[in-house]
Amino acid sequence: MNIITTINKVFRFYLEGFKNMKLGKRLWAIIGIKFVIFFVIMKILFFPNFLKENFSNDSERAEHVLQSLTTHKE
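If you count the sequence shown from 1, position 16 lands on 266 in this note's numbering, and the numbers rise without skipping.
Below you can see the structure in the form of structure tokens.
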């Protein structure tokens, strides 16, 4: 069987399943919204842009990354 035919069949299978859902569509929408909110909050609170905050230009950032990668810390 051709790979494109298989992918097309799988896509149509899921598309048909989602078309017939009533409550499931709302639940998937809620899950999607929760994931977006969760990851946006996680990104803002726990993963600040360290290099952009502490270094003013790309050459300083590159130098810091190079030093961090090549310096052996015990």
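We put the beta carbon where it would ideally sit given N, CA and C, even for glycine.
Asked	Found
Between which two residues does the alpha helix (DSSP H) holding Thr320 run?	308-320
Is the beta carbon of Arg311 less than 8 Å from the beta carbon of Leu301?	yes
Per DSSP, what kind of secondary structure is Met271 in: helix, strand or coil?	coil
In whole angstroms, give me the CA-to-CA distance for Gly282 and Val290.	12 Å
So the alpha helix (DSSP H) Asn304 belongs to, where does it begin and stop?	300-304
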